[in-house]
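Numbering (the UniProt record's numbering), first residue to last: 1 to 45.
A virtual CB, placed ideally from N, CA and C, is assigned to each residue, including glycine.
Only one structure is covered here, and it is reproduced in the block below.
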């Protein structure tokens, strides 16, 4: 039973990191999308 606890903890940690990475990726693509629209807007000329 001692062997399964660290394994489960490791999996939970990986899942938590994966959520953080996905969230950062979403935030990054949203902000780069916003910058793209900002700099390619007709008002930029």
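Return the CA-CA distance between residue 19 and residue 5, expressed in angstroms with no decimal places.
Your numbering for residue 19 matches position 19 in the chain shown. Your numbering for residue 5 matches position 5 in the chain shown. Going by the C-alpha atoms only, they are around 21 Å apart.
Through-space distance from residue 25 to residue 10, alpha-carbon basis:
Reading the chain shown from its first residue, position 10 is the one you call residue 10. Reading the chain shown from its first residue, position 25 is the one you call residue 25. So the alpha carbons of these two residues sit roughly 22 Å apart.
Distance, residue 23 Cα to residue 17 Cα:
As a working note, residue 17 is residue 17 in the chain shown. As a working note, residue 23 is residue 23 in the chain shown. Distance between the alpha carbons of residue 17 and residue 23 is about 10 Å.
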